[in-house]
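One structure is given below, encoded as structure tokens.
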Amino acid sequence: MDEFIRSIAPVRARVQSEISLLREYRTRLIADVVTGKLDVREVAARLPDEDDEPESLEDDDALIDAEDATSADLDAVSEEAEA
Numbered sequence: 005m006d007e008f009i010r011s012i013a014p015v016r017a018r019v020q021s022e023i024s025l026l027r028e029y030r031t032r033l034i035a036d037v038v039t040g041k042l043d044v045r046e047v048a049a050r051l052p053d054e055d056d057e058p059e060s061l062e063d064d065d066a067l068i069d070a071e072d073a074t075s076a077d078l079d080a081v082s083e084e085a086e087a
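What follows is the structure, encoded as structure tokens:
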């Protein structure tokens, strides 16, 4: 187990570094839009119009079943991790 953890440590470090860089990019992008250094009006004008009416949720039972299945899946994973 220790060997496996050591083998994935460099990958984990690289992923954490990439996440940090993406957060930094996101912060900079937001700052550029807010300060006017980046104009998003042209891009926003080309976006498709959103529907004014939200989608109907007539099939509420399907959503409930999906939530139950997800909960059961999480319980199974937790039990496997504890074993």
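For the sequence shown, the residue numbers in the numbering used here are 5 to 87. Positions of the beta carbon are idealized from the N, C-alpha and C atoms, including for glycine. These numbers were taken from a predicted model, which means no experiment stands behind them.
Following the DSSP letters along the chain, one finds D6 inside the alpha helix (DSSP H) bounded by residues 6–39.
A straight-line Cα-Cα distance of about 10 Å links R16 and I9.
In this chain, the alpha helix (DSSP H) harbouring V47 covers 45–50.
Taking C-beta atoms as the reference points, V37 and V44 count as a pair closer than 8 Å.
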